[in-house]
Structures are given as C-alpha cells and as structure tokens.
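Reading through the structure tokens given below for one structure.
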Amino acid sequence: MQKLERRDFLKTGCRICLLGAASLTLGDLLSACGTPAKVFSTTMNNNQVNVPLSRFATEDTQIISVQHFEYEIAVRKKNDQYEALLMQCTHQHNQVVRTGSGFYCSLHGSQFDQDGNVKKGPAERPLPRLRTEIVQDHLVIHTNQKA
Numbered sequence: 001m002q003k004l005e006r007r008d009f010l011k012t013g014c015r016i017c018l019l020g021a022a023s024l025t026l027g028d029l030l031s032a033c034g035t036p037a038k039v040f041s042t043t044m045n046n047n048q049v050n051v052p053l054s055r056f057a058t059e060d061t062q063i064i065s066v067q068h069f070e071y072e073i074a075v076r077k078k079n080d081q082y083e084a085l086l087m088q089c090t091h092q093h094n095q096v097v098r099t100g101s102g103f104y105c106s107l108h109g110s111q112f113d114q115d116g117n118v119k120k121g122p123a124e125r126p127l128p129r130l131r132t133e134i135v136q137d138h139l140v141i142h143t144n145q146k147a
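For the sequence shown, full-length UniProt numbering assigns the number 1 to the initial residue and increments by one for each residue that follows.
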C-alpha cells in the first residue's frame, strides 16, 4: 500500500473542493442561461398593466415587459390565483432573470425561488410583490401598489 504524503493529501482535497464549488456555481449560471420564457410586451396606463388571461392558457408563468418601465414583471398562476413579482433584486436593485428554479441576479449572485423568496444572498428580502386583480378577461397589475 502506497503511503500518501500530507502535502499530496491536501492538494487532492483542495482540488476536489474547488471542483465541487465550481460545478455548483456553473450549474446556477447555466440554469440562468436556459431557454428564455416568451416575453409579453405591453404598455402601462395609470400605473396599471393589462395582461389577457388567455396568455395563461398554456403557460402558468409569464414574463411581462412594460414599455418605459425599468423592470420586467413575472406573473405566475397558482391555484387559480395570480402572483406578480417585480423582477428587481432587493440587494442593489438590479434586474433579475428567470431560471428553471426561480430567479437569479447576475450582479452579486443572489438567488430567489419561484415565489420570490431568497435562496442565496447577499439579498436578504424577497422580490417585491405587486397587487393584481381580474377585470373581465384581463389580469390587471398595479405597478405602484405592493401586495
């Protein structure tokens, strides 16, 4: 049996740790570069955004891009309720992107789950929720009112 020197043991251990950390980080970055969601572009009128409910017939989650509005809005249909999240990182107000498991901020690496809760900092607060209501066959998102 070959004797393993302390120096070789430490080198091997450090390489394994670095490889593991790199694979976790790379996985998060690749999931952020996944297939982009179809974005619905629209306008805002009196701090309200109207989204046809028919947009949710095939996809429960929609990304809304509002002209002349700094951030996109993620809307998810869950148990016949609609939740709107402002895609604004709560750490330093950077735009977040949707990933397969939630949202990712490329500025400092904050991660959020699909409900907008923090999974990994430096962000400490969840993504801002916006108030929604259904009016006839549209979802109305109130951009000036937190839920």
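Ideal Cβ placement from N, Cα and C applies to all residues, glycine included.
Rounded to whole angstroms, what is the Cα-Cα separation between F112 and F103?
Taking the straight line joining both Cα atoms gives about 5 Å.
Would you kindly work out how many angstroms separate the C-alpha atoms of V97 and L85, rounded to a whole number?
Each residue's Cα considered, the two are about 12 Å apart.
Where in the UniProt domain "Rieske" (48–141) do unbroken runs of the beta strand (DSSP E), each at least 3 residues long, occur, reported from the N-terminal end onward?
Segments of the beta strand (DSSP E) lying fully in the UniProt domain "Rieske" (48–141): 48–52, 61–66, 73–78, 81–86, 97–99, 102–104, 111–113, 118–120 and 129–135.
Terminal residues of the continuous beta strand (DSSP E) containing T42?
Residues V39 to T42.
Contact between the segment 43–53 and the segment 109–129 is defined here as three or more beta-carbon pairs at a separation below 8 Å; is this criterion met?
No, because fewer than three Cβ pairs between the segment 43–53 and the segment 109–129 fall closer than 8 Å, the two stretches do not touch.
Between Q81, L107 and E72, which has its C-alpha nearest L139's C-alpha?
Nearest of Q81, L107 and E72 to L139, Cα basis: Q81.
Under a CB-based cut-off of 7 Å, is I73 close to chain C?
In the structure shown, chain C cannot be found, because there is only a single protein chain.
From the DSSP output, read off the bridge partner residues of N45.
Q48, per the DSSP bridge assignment.
Thinking C-alpha only, which one of P52, I63 and K78 is nearest Q95?
Ranking the options by Cα distance to Q95, first place goes to I63.
Please state if the CB of Q88 and the CB of Y71 are separated by a distance shorter than 7 Å.
Against a cut-off of 7 Å, the Cβ pair of Q88 and Y71 comes out as a contact.
So, is A57 buried or exposed, given that buried needs 16 or more other C-beta atoms within 10 angstroms?
A57 is exposed by the Cβ-count criterion.
Alpha carbon to alpha carbon, how far is E83 from R55?
Distance between the alpha carbons of E83 and R55: 14 Å.
Express the C-alpha separation of G116 and P52 in angstroms, rounding to a whole number.
Cα to Cα, P52 sits roughly 23 Å from G116.
Alpha carbon to alpha carbon, what distance is there between N144 and S65?
About 16 Å.
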